[in-house]
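**Student:** Here it is: the structure, laid out below.
Numbering (my numbering), first residue to last: 84 to 196.
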């Protein structure tokens, strides 16, 4: 018989947070995705030291990292699509580059620090 391996508590927590982020992204719920993303970041900041994850958790950690990468890419794609849609619907709403116009005559210039 093979013994079921119990994932490290932190990896289990990370998977729970990633599940919530995935649900929010699939539902198109931007506020929930933002909250879930913050929860994932908080979980990542609580990561245990590498030595604590040595006991056969490598496969679990790799799976969580792969999921995080995929969800991050999906989040970036969704943000780009939203920005593109916003730009086509409200072209004046798009942010202009920070330093645009600084070289024009009469434009304010930064004084020394």
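Cβ coordinates follow ideal geometry from the N, Cα and C atoms, glycine included. Just so you know, these numbers come straight off a predicted model, no measurement behind them.
Alpha carbon to alpha carbon, how far is residue 165 from residue 119? Give it in angstroms, no decimals.
**Tutor:** In the chain shown, counting from the first residue as 1, residue 119 sits at position 36. In the chain shown, counting from the first residue as 1, residue 165 sits at position 82. Approximately 18 Å, taken between the alpha carbons.
**Student:** Compute the distance between the beta-carbons of residue 140 and residue 90, then report whether it is under 8 Å.
**Tutor:** On the chain shown, position 57 is the one that residue 140 refers to. On the chain shown, position 7 is the one that residue 90 refers to. In this structure, residue 90 lies closer than 8 Å to residue 140 by Cβ.
**Student:** Do you know offhand how far residue 160's Cα is from residue 108's?
**Tutor:** Within the chain shown, residue 160 is the residue found at index 77, counting from 1. Within the chain shown, residue 108 is the residue found at index 25, counting from 1. Their backbone Cα atoms lie some 11 Å apart in a straight line.
**Student:** Taking the straight line between their C-alpha atoms, what separation do you get for residue 128 and residue 174?
**Tutor:** Counted from its first residue, the chain shown places residue 128 at position 45. Counted from its first residue, the chain shown places residue 174 at position 91. If you take the alpha carbons of residue 128 and residue 174, they lie about 37 Å apart.
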